[in-house]
Each structure stands twice: as structure tokens, then as C-alpha cells.
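Have a look at the structure below before the remarks.
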Amino acid sequence: MANPLATAITALVTLLGVLLGGWLSIRNQERLHRRDHAREWRDIRLTACGDFLTALREFIAFTLEPGITITTAPHPKLTGELMPFFDEKGSPYKEKLEATKTRVRLVSESADTVAKLNALVRKARGIAAARATHGVGEVPHELFEALWAAERDFVAAVRAEVGLPAIPIS
Numbered sequence: 013m014a015n016p017l018a019t020a021i022t023a024l025v026t027l028l029g030v031l032l033g034g035w036l037s038i039r040n041q042e043r044l045h046r047r048d049h050a051r052e053w054r055d056i057r058l059t060a061c062g063d064f065l066t067a068l069r070e071f072i073a074f075t076l077e078p079g080i081t082i083t084t085a086p087h088p089k090l091t092g093e094l095m096p097f098f099d100e101k102g103s104p105y106k107e108k109l110e111a112t113k114t115r116v117r118l119v120s121e122s123a124d125t126v127a128k129l130n131a132l133v134r135k136a137r138g139i140a141a142a143r144a145t146h147g148v149g150e151v152p153h154e155l156f157e158a159l160w161a162a163e164r165d166f167v168a169a170v171r172a173e174v175g176l177p178a179i180p181i182s
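Using our numbering, you'd call the opening residue of the sequence shown number 13 and step up by one each time.
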């Protein structure tokens with residue numbers, strides 16, 4: 013006949029093993045879930061930022077087309093800056109830029125990314141406002157240099173936010 017104490021110890025050790033195994037399994041599942049969730053949000057952020065950069069390039073390309081109509085008005089909050097306004101041909105480009113900007117703001121976790129985003133949009137608006145009074149080839153080159161510098165800053169901020177290594181500025 014089996015010793016009741018040995019049977020109780022065996023049952024207790026078995027129960028502890030099952031409990032420990034279950035706890036480790038749950039902990040591992042939670043860790044995998046957190047990693048998958050972080051990866052999913054990283055992909056969402058990268059997609060939003062990529063869509064924004066595409067909209068930005070389309071906006072700039074549209075502003076440089078001959079024969080477009082852009083008007084300006086003083087910015088309601090930023091003294092000395094002009095806000096560009098487009099006709100019905102240009103409105104979709106402006107709306108897409110603004111919508112993708114809002115989407116980046118919605119999914120971004122970094123205040124630096126949002127600050128760089130806002131600076132980049134201001135530079136793009138500045139080119140559109142300048143285009144209202146300048147011909148296609150007459151927009152000051154310095155405005156484009158400032159735009160591309162702001163774009164590089166935005167890309168660097170996004171890369172830092174999503175944990176990608178910095179890339180050399182060329």
C-alpha cells in the first residue's frame with residue numbers, strides 16, 4: 013500500500029507544476045501579444061507617415077503646375093505667414109495633405125514627430141503661398157531647401173519614434 017504522505021506530496025508537486033506551467037504560458041502569451049501590438053502600431057505609424065509624405069509630394073507637385081489658381085490670406089494665428097487657398101482643382105490636394113497630417117497626429121506617440129510634422133506642413137504651405145504670386149520657375153529656391161530640410165527632420169523623427177536607426181543626412 014502506498015504511503016499517504018508520499019501520495020500527497022506527489023499530488024502537490026504535480027499541482028504546483030501545472031500551476032507554474034500555466035502561469036508561464038499566460039505570461040508568454042501576454043509578452044507575445046504586447047510585441048504583436050507594438051509591431052502593429054509601428055506598421056500603422058509607418059503607413060500613416062508614408063501616406064502623408066506621398067500627399068505632401070503630390071501637393072508640392074500640384075503647386076508647381078502651370079495655370080493653377082492659388083490665392084492667399086493672412087494666417088489667422090501665425091503673424092507674417094500666408095495661408096494658400098486653391099480652386100476646385102487644387103482642393104483635393106490640400107484636403108489630402110490635411111487629412112493625412114491629422115492621421116499622423118492621431119497615431120503618433122512623439123511630440124517631436126508632431127512638431128516636425130507641423131513645421132513641414134508650414135513649409136509646404138509657404139511654397140504654395142509663394143506660388144500664388146510667383147511663376148512656376150520663380151518660387152525662391154530657399155523655400156525648397158527649407159522644405160526638404162524639414163522633410164529630413166520629419167523622417168528622422170518618425171524613424172526615432174518607431175525605433176529605426178538614424179540614417180546619415182545626404
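All C-beta atoms in this analysis are idealised placements derived from N, C-alpha and C, irrespective of residue type, glycine included.
Separation of residue j from residue i, as counted between CA atoms
| i | j | result |
| --- | --- | --- |
| Glu154 | Asp165 | 16 Å |
| Glu52 | Val119 | 12 Å |
| Arg137 | Glu157 | 14 Å |
| Gly62 | Glu70 | 12 Å |
| Leu58 | Asp48 | 15 Å |
| Val30 | Leu176 | 40 Å |
Span of the beta strand (DSSP E) around residue i
| i | result |
| --- | --- |
| Pro96 | Leu94 to Phe98 |
| Ala85 | Ile82 to Pro86 |
Proximity below 8 Å, CB of residue i to CB of residue j
| i | j | result |
| --- | --- | --- |
| Lys106 | Val133 | no |
| Ala168 | Ala178 | yes |
| Ile82 | Ala172 | no |
| Lys108 | Ala50 | no |
| Arg143 | Thr75 | yes |
Buried versus exposed call for residue i [16 or more other C-beta atoms within 10 Å across all chains shown]
| i | result |
| --- | --- |
| Ala135 | The displayed chain sequence assigns Lys, not Ala, to residue 135. That one is buried. |
| Val151 | buried |
| Ile72 | buried |
| Pro78 | exposed |
Endpoints, the alpha helix (DSSP H) within which residue i is located
| i | result |
| --- | --- |
| Glu107 | Ser103 to Val119 |
(message) Measuring CB atoms only, is the segment 112 to 128 touching the segment 87 to 104, in the sense that at least three cross pairs come out at less than 8 Å?
(response) no
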